[in-house]
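J.: Quick one: structure below, then a few questions.
Number of protein chains: 2
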Amino acid sequence: MRRHGIALVISAPSGAGKTTLIGRLREEFPHFGYSISCTTRAPRDGERDGADYHFLTRARFEELRESGHFAEWAEVHGNLYGTPLAPVREMLRQGQDVLFDIDVQGARQLKQSLGEAVFVFILPPSLAELERRLRGRGLDSEETIARRLRNARAELREAAWYDYLVVNDDVDTAHDHLRAAYVAATLRPLCRPDLLRALEQGALDAAAV
Amino acid sequence: MRRHGIALVISAPSGAGKTTLIGRLREEFPHFGYSISCTTRAPRDGERDGADYHFLTRARFEELRESGHFAEWAEVHGNLYGTPLAPVREMLRQGQDVLFDIDVQGARQLKQSLGEAVFVFILPPSLAELERRLRGRGLDSEETIARRLRNARAELREAAWYDYLVVNDDVDTAHDHLRAAYVAATLRPLCRPDLLRALEQGALDAAAV
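Residue numbers (this note's numbering), protein chains in the order written: chain H, 3 to 211; chain B, 3 to 211.
The structure is reproduced here in structure tokens:
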């Protein structure tokens, strides 16, 4: 199969079940590529430069950012993080799919920088259920839960521009839907330049499937 | 689930396995709606007007055609056949999915008349394999097989404008792909006006999933 790679971009409010769903998708499709991010934060014990992250000074990060080096970037707790664009483009060109687990701000940047990416938003069935799940995890303080719910409300307003909405009520159904969004993306003609070329030439036999 | 209906349009050259694949899709999703076609051919034994077809005179058919009554129409062996547009639009509005098993000429007309339909083209893995399958069925004369292969070559050139290409090499994989194209279509925001409204209002709880 000589198709073009898919950039699959997945966002969800905290507590919607994104991590579980991405895990299940990766179980069936372990071939998704990773890109190594750049960051200005200090390496933690055992982290290696160029493997876990590219560790950069803030000045260098900003220089790269200004030159359009990043597919997306963000500042989190005073540190800068960014995804270099060129390696992602190269993976896609080579037919390697790349998965982005990213918030709505990052996704909006990827929409600009990547063009043909597929955007999936995972929603909880309701805000009441989201709150129930956040409490049920027992991880967060009341204050954190209140903040997560405020953030969720804001993020949900962005869902409308995503390509696909996956409501995570029943996790098996949500998995089936996320999987369908990804599989369908692989069937788009623009992902199969080899097949299109063969069809144009009336020589389907030339196309390895 | 109060979503908008999906118009799923499926084309394939003869021998690509379309009938089998549509049968398997309908097994899991028996809810697809049918529209009753109009035709100028004479009713056969047991066929009832308004149930099997709307049987029309040629003059009446042409009058309706000129008035934009049909989502698509064609002349086959001297008889006219057409799909009335209004009942399809009404089914879609009511959230009923509608499946069209139709040739590329009909699909091209549906692209104009239905707007948001989803177009899937089923391809054989190669023309050599298509020929092998046509012979294997033992249904067609050499002349018919040659004609079907010529038609297939012409039809395959149209595949590039379809939304999804499903290569039917292994039937289970092809079924999974056709199914994914359909399921993904149901996840598009434009199919979920209820959900979009709830998201805009920041009131996800109002959306029945």
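No residue lacks a Cβ here, since even glycine has one placed at the ideal position from N, Cα and C. Computed from a predicted model, the values in this text were never measured in an experiment.
Please confirm whether H/Ala9 has its beta-carbon closer than 8 Å to some beta-carbon of chain B.
T.: no
J.: What does a CB cutoff of less than 7 Å around B/Gly97 pick up in its chain, not counting 5 residues either side in sequence?
T.: The residues are Arg4, Arg5, His6 and Gly7.
J.: Ends of the alpha helix (DSSP H) at B/Pro195?
T.: Pro195 to Glu202
J.: Give the secondary structure of B/Thr41 by DSSP, where H, G and I count as helix, E and B as strand, and everything else as coil.
T.: If DSSP states are grouped into helix, strand and coil, B/Thr41 belongs with the strands.
J.: Taking its Cβ as the centre, do 16 or more other Cβ atoms sit within 10 Å of B/Gly52, making it buried, or is it exposed?
T.: exposed
J.: Can you tell me whether H/Leu10 is helix, strand or coil according to DSSP?
T.: strand
J.: State the DSSP-derived secondary structure class of B/Tyr184, mapped to helix, strand or coil.
T.: helix
J.: Taking H/Asn153 as part of the alpha helix (DSSP H), name the residues at either end of that continuous run.
T.: Glu144 to Leu158
J.: Would DSSP call H/Pro86 helix, strand or coil?
T.: The answer is strand: DSSP assigns H/Pro86 an E or B state.
J.: From the DSSP output, read off the bridge partner residues of H/Gly48.
T.: DSSP output for H/Gly48 lists no bridge partner at all.
J.: Given a cut-off of 8 Å, decide if H/Ala200 and H/Cys193 are closer than it, judged by their beta-carbon atoms.
T.: Cβ atoms of H/Cys193 and H/Ala200: not closer than 8 Å.
J.: Considering only residues of the same chain and omitting the five flanking positions on each side of B/Gln111, which have a CB-CB separation below 6 Å?
T.: Glu74
J.: Output, in sequence order along the chain, the residues in the region 171-183 of chain H whose CB is closer than 8 Å to any CB in chain B.
T.: Answer set for the region 171-183 of chain H: Asp171, Asp178, His179, Arg181, Ala182 and Ala183.
J.: Hey, is the region 65-72 of chain H in contact with the region 83-101 of chain H, meaning 3+ C-beta pairs nearer than 8 Å?
T.: yes
J.: Does the region 108-124 of chain H come within contact of the region 11-24 of chain H, defined as at least 3 CB pairs closer than 8 Å?
T.: yes
J.: Just list the residues that DSSP pairs H/Leu101 with in beta bridges.
T.: H/Leu10
J.: According to the neighbour-count rule (16 or more other Cβ atoms, all chains shown, within 10 Å of its Cβ), is B/Ala128 buried or exposed?
T.: The question names Ala, but residue 128 of chain B is Ser in the sequence shown. Flag for B/Ser128 reads buried.
J.: Assuming B/Ser37 contacts B/Val120 (C-beta within less than 8 Å), just tell me the rounded distance between them.
T.: B/Ser37 to B/Val120, Cβ: 16 Å. No contact.
J.: Counting contacts by CB-CB distance shorter than 8 Å, is H/Arg152 in contact with chain B?
T.: No Cβ of chain B is located within less than 8 Å of the beta carbon of H/Arg152.
J.: From the DSSP output, in three-state form, read off H/Ala53 for me.
T.: coil
J.: With 16 as the cutoff for other CB atoms within 10 Å, does H/Phe72 come out buried or exposed?
T.: buried
J.: Confirm, please, whether the CB-CB distance from H/Ile124 to H/Val185 is below 8 Å.
T.: no
J.: What's the gap between the Cα of H/Leu206 and the Cα of B/Gly35?
T.: 33 Å
J.: Where H/Glu29 and H/Asp54 are concerned, what is the direct C-alpha to C-alpha distance, given to the nearest angstrom?
T.: 22 Å
J.: Helix, strand or coil: how does DSSP classify B/Glu131 here?
T.: helix
J.: For the candidate residues H/Met93, H/Leu101, H/Arg46 and H/Gly117, whose alpha-carbon lies nearest to that of H/Leu27?
T.: H/Leu101
J.: Got a sec: which bits of the region 84-100 of chain H sit with their beta carbon under 8 Å from any beta carbon on chain B, in order along the chain?
T.: The region 84-100 of chain H vs chain B, Cβ under 8 Å: nothing.
J.: Report yes or no: is there a C-beta of chain B within less than 8 Å of the C-beta of H/Glu202?
T.: Yes, its Cβ sits closer than 8 Å to a Cβ of chain B.
J.: Taking beta-carbon pairs under 7 Å, can you tell me which members of the region 30-45 of chain H lie near chain B?
T.: Going along the region 30-45 of chain H in chain order, one finds no residue with a Cβ nearer than 7 Å to chain B.
J.: Taking H/Asp165 as the query, report the chain B residues whose CB atoms sit under 9 Å from its CB, ordered along the chain.
T.: Ala186, Leu189, Arg190 and Pro191
J.: With H/Asn153 and H/Ala18 assumed to form a contact (beta carbons below 8 Å), what rounded beta-carbon distance in angstroms separates them?
T.: Not a contact, Cβ separation roughly 11 Å.
J.: For B/Ala210, does the count of other Cβ atoms within 10 angstroms reach 16, so buried, or fall short, so exposed?
T.: Below a pLDDT of 50, predicted positions are generally treated as unreliable, and B/Ala210, at 47, falls in that range; the measurement from the model is reported next regardless. Answer is exposed; the Cβ neighbour count stays below 16.
J.: Starting from the beta carbon of B/Leu82, find every residue of chain H whose beta carbon is closer than 8 Å, and list them in chain order.
T.: By Cβ distance, chain H contributes nothing, its closest Cβ being about 30 Å from B/Leu82, past 8 Å.
J.: Mind checking who H/Gly35 pairs with in its DSSP beta bridge?
T.: H/Val100
J.: Just how far apart, CA to CA, sit B/Asp174 and B/Arg60?
T.: For the pair B/Asp174 and B/Arg60, the Cα-to-Cα distance works out to about 43 Å.
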